[in-house]
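Note sheet for the following structure.
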Amino acid sequence: MSRPSKAIFLISSLGLLAGLSGLPAAAGPTGTAWGYNSYGVPGLIDMPGAFGREDGELSYGVSHFQNQTRHALTFQISERFSASFRYALLYNIRRHPGGTVGPYRYDRSFSVQYRFLDEGSYRPAFAVGINDIVGTGIYGGEYVVASKTLSPQLRASLGLGWGRLGSHGGFSNPLGVLASRFKTRRMRTSDGLGGSFNAGEWFHGDAAFFGGLEWRPNDRWRLVAEYSSDDYAREDGAAFDRRSPLNFGVDYHHNDRTTLSARYLYGSELGLQVTYALNPKQPRMGSGLDAAPPPVVPRAGLAGQSPDLDDSALIAAVRTALDKEGLSLHGLARDGDTLRIQIGNDRYPIAAQATGRAARALTGLAPAHVERFEIRLTEKGMPVSSVLLRRADLEALEFHPVASDLMRARTRIADAPQSLAPNGGHFPAFTAALEPYVTPSFFDPDSPLRIDAGAAATARYEPMAGLVFSGRLQQKLAGNLDKTIRPSTSVLPHVRSDGYLYAKGSDTSLTELTAAWYLRPGRDLYGRVTFGLLEQMYGGVSSELLWKPQNSRLALGAEVNWTKQRAFDDMFGFRDYDVATGHVSAYYQFDGGFMGQIDVGRYLAGDTGATLTLAREFDNGWKIGAFATLTNVSSEDFGEGSFDKGISLTIPIDWITGKPERRAINTTIRPVQRDGGARLSVPGRLYETVRGQQASALDASWGRFWK
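Counting in this note's numbering, the sequence shown runs from 24 upward without gaps.
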């Protein structure tokens with residue numbers, strides 16, 4: 024592309040946005056990006072835009088053009104803030120601009136974007152972003168971008184970039200007026216270990232303009248033209264020939280979740296992209312496929328009920344009614360005109376729904392003189408919450424248009440530190456199941472994705488309330504986790520980096536065999552002691568104490584473990600390595616479903632430090648979070664990645680199937696698994712065990728009470 028052509032395109036874009044201050048905001052969707060760029064960032068083709076996606080959206084995209092393949096997982100954390108994790112396969116890329124060309128490499132990086140100013144009637148939206156915020160720096164770049172909706176079909180964006188986004192058509196950094204150090208940027212001659220922030224380089228060095236136009240003739244199609252400020256110095260002349268800064272693309276929205284994109288890039292290459300997006304706030308099955316709840320039976324319809332609640336026939340009738348709803352009766356008692364029951368819930372992921380179904384069932388069985396129902400919710404045999412409600416409210420509000428709000432206003436939820444007498448006939452209890460399992464492994468340099476799949480037999484035996492024996496036996500049927508050939512090079516004890524050897528050891532694995540005791544040592548206190556084979560790699564004993572009041576945002580916990588490393592190929596054997604670990608933890612629930620957690624203590628390799636976790640949780644059980652651990656292990660001793668970090672996903676199965684189910688799919692995505700900052704995995708940790716049954720969780724999902 025000639026210099027005059029470049030100038031005309033840039034001047035046209037600048038002039039267009041300069042005139043936007045005189046244009047009113049267009050009708051139609053003005054707050055949501057129309058697509059994702061090739062890096063998984065809401066934007067144009069290669070360049071970002073200022074609009075974000077719909078709040079809560081989670082997307083996965085794969086883009087490819089000559090010698091470049093990028094996988095991107097992007098989460099719209101809030102209406103203004105989004106973050107992406109990217110995994111790229113790069114062929115024929117230079118180690119640094121002007122350096123030697125390597126055959127291929129895998130690169131992992133994170134990026135963030137924040138919209139600090141919304142679009143107004145005459146004002147564009149403005150956002151700031153950082154690419155490769157923690158990584159090798161291959162995609163390192165920062166930007167400020169403005170986007171404006173000109174009409175329901177047309178948008179324009181103009182940005183100023185640094186780093187890679189300031190490498191084509193660059194000029195002296197305008198931030199140099201603040202401090203001269205902004206004018207220079209250190210060029211990396213080596214990618215090093217990766218995992219460092221390198222904040223001293225952000226917004227430094229030359230800057231350059233980028234921009235583009237988007238046209239949507241209808242909801243299915245989007246056409247994009249952009250001017251890119253990335254000169255692809257590592258790739259140009261090696262991976263492909265960059266001949267022009269202009270890119271052109273077309274998107275086809277196959278449906279609400281899937282978008283197909285085709286691009287013509289840099290005057291020489293064709294590119295393709297597929298993006299799949301979903302929103303945890305929008306269940307696949309709408310309101311669900313639950314069976315209808317039992318009807319509320321007014322007392323006028325009752326006849327012949329005995330007022331003697333010690334009658335075994337009445338206890339049996341309540342137990343049968345609850346069993347039909349997937350609930351278990353642990354205890355039943357009467358206190359004057361109050362009927363108290365203690366229940367277990369193995370079916371409903373939302374405790375409010377279990378509470379409502381239990382209350383409905385009682386209306387058809389309780390003697391007519393009973394005025395109030397107290398329903399005590401338990402978890403692992405421990406009483407957690409007491410829900411006290413009036414029978415008359417159940418009878419009056421069942422079909423009221425705002426029944427949920429009125430019922431909650433008239434219901435008292437409090438702590439339930441004591442159990443009712445265990446006369447419900449539930450204990451001893453035994454359950455068993457056979458289910459499929461999938462175990463993925465990410466980012467092995469020889470094979471970025473490895474998977475084992477097979478069948479898992481699980482069993483649980485509860486001889487009494489609070490005492491739980493459980494086990495899990497897995498039989499591999501297919502997979503390639505055992506094909507890993509890279510031995511650990513860690514200088515630390517190999518507490519996690521030898522994990523692949525367990526896949527090589529045997530196709531049959533006993534991943535859990537434990538005895539656990541759960542108890543309530545005092546008001547707002549919960550306790551746990553677990554002994555046995557705690558996870559695939561470790562056995563030992565773990566003890567925990569949690570302070571978690573009903574309506575408190577804050578919870579505090581402490582855990583102490585002694586653990587020994589298990590043998591690679593022997594279900595009951597152990598290796599020589601043992602270690603005492605433990606953490607003190609603080610948990611805090613912020614507004615909007617955001618949750619923070621910090622754990623401070625000793626890790627499996629004997630290192631000490633802290634883990635910070637930030638997550639967004641949805642009322643239906645979805646949870647998306649990120650964590651980072653820093654310990655007294657240096658970056659050099661830690662190895663590739665510099666420190667432990669990753670992304671965690673919890674996907675409730677009932678969100679997929681529409682049928683009530685308490686199980687969930689839990690996945691942790693780490694850029695690299697090393698030994699520093701490695702923590703023991705213990706089943707049944709208390710915070711996640713109890714908080715879903717407490718007042719704060721019941722309040723958040725009380726709309727399910729009548730479902």
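All C-beta atoms, glycine included, are put in the ideal place defined by N, C-alpha and C.
Quantities reported herein were computed from a predicted structural model and do not represent experimental measurements.
Grab the span of the beta strand (DSSP E) containing L556 for me, first residue to last. 548-556
I believe V168 touches S180 by the beta-carbon criterion, under 8 Å. Please report the beta-carbon distance rounded to the nearest angstrom. 6 Å
I'd like to confirm something about G699: is its beta-carbon nearer than 8 Å to some heavy atom of the ligand COA, or not? No copy of the ligand COA occurs in the structure displayed, which carries no ligand at all.
Let's test the definition: count the other Cβ atoms within 10 Å of the Cβ of L21 and tell me whether it reaches 16, buried, or not, exposed. Look at the range of the chain in this structure, 24 to 730, and you will see that residue 21 is not part of it.
Count Cβ pairs between the segment 406-420 and the segment 383-392 that sit closer than 8 Å; are there 3 or more? yes
Shortest alpha-carbon distance to L749 belongs to which of Q365, R708, T690? The question about residue 749 has no answer here: the residues shown for the chain are numbered 24 through 730.
Identify the residues that DSSP records as bridge partners of W238: which are they? L177, L246
Quick one, which of D530, A391, I508 has its alpha-carbon nearest D521's? I508
Tell me whether the beta-carbon of Q91 lies closer than 9 Å to the beta-carbon of F263. yes
Starting from L400, follow the beta strand (DSSP E) in both directions and report where the run begins and ends. 395-402
Terminal residues of the alpha helix (DSSP H) in which Y6 lies: As displayed, the chain neither begins before 24 nor continues past 730, which places residue 6 out of reach and without an answer.
Residues in its own chain within less than 6 Å of R431 by CB, not counting five upstream and five downstream? W725
Counting along the chain, where does the beta strand (DSSP E) carrying Q376 start and finish? That residue, Q376, is in no beta strand (DSSP E); its alpha helix (DSSP H) goes 374-386.
Nearest neighbour of G448, chosen from P459, T462, A455, E485 [CA to CA]: E485
Taking the alpha carbon of N503 as the point to measure from, which residue in V151, F396, S464, G193 has its own alpha carbon closest? S464
How should V602 be labelled, buried or exposed, when 16 other C-beta atoms within 10 angstroms of its C-beta is the threshold for buried? buried
Suppose contacts are defined by Cβ-Cβ distances below 9 Å. Is V393 in contact with T343 by that definition? no
Can you confirm whether S195, when its beta carbon is compared against all beta carbons of chain D, has any partner nearer than 9 Å? The chain labelled as chain D is not found in the depicted structure, where only one protein chain is given.
Buried or exposed: which applies to V656, given that a residue is buried once 16 or more other Cβ atoms fall within 10 Å of its Cβ? buried
Assuming contact is defined by CB atoms lying nearer than 9 Å, are A300 and R280 in contact in what I supplied? yes
7 Å CB neighbourhood of V583 in its chain, flanking five on each side removed: S566, G605
I'd like the list of long-range same chain contacts for L496, defined as Cβ closer than 6 Å, with 5 residues on each side in sequence excluded. A480, L533
By DSSP's criteria, Y561 is part of a beta bridge. Which residues make up the other side? Q588
Classify E711: buried if its beta carbon has 16 or more other beta carbons within 10 angstroms, exposed otherwise. exposed
Examine the Cβ distances between the segment 125-137 and the segment 100-112 and report whether three or more of them are shorter than 8 Å. yes
So who's on the other strand from E292, going by DSSP bridges? L288
Express the C-alpha separation of E165 and Y289 in angstroms, rounding to a whole number. 21 Å
On a Cα-Cα basis, can you pick out the residue from D592, D593, T636, D667 that is closest to A628? D667
Can you check which of these residues, M70, F98, V64, H87, is closest to D78 by C-alpha distance? F98
Based on Cα-Cα distance, which residue from D592, A150, G494, F220 lies nearest to G555? G494
Could you tell me if F728 is buried or exposed, where buried requires 16 or more neighbouring beta carbons within 10 angstroms of its beta carbon? buried
Hey, quick one: how far does the alpha helix (DSSP H) through W678 stretch, first residue to last? 676-680
Counting Cβ pairs closer than 8 Å, one from the segment 611-631 and one from the segment 509-520, do we hit at least three? yes
According to the neighbour-count rule (16 or more other Cβ atoms, all chains shown, within 10 Å of its Cβ), is S203 buried or exposed? exposed
Where does V151 sit, in a helix, a strand or coil, going by DSSP? strand
Residue nearest to R146 in terms of C-alpha spacing, selected from L173, A501, I161, G158: L173
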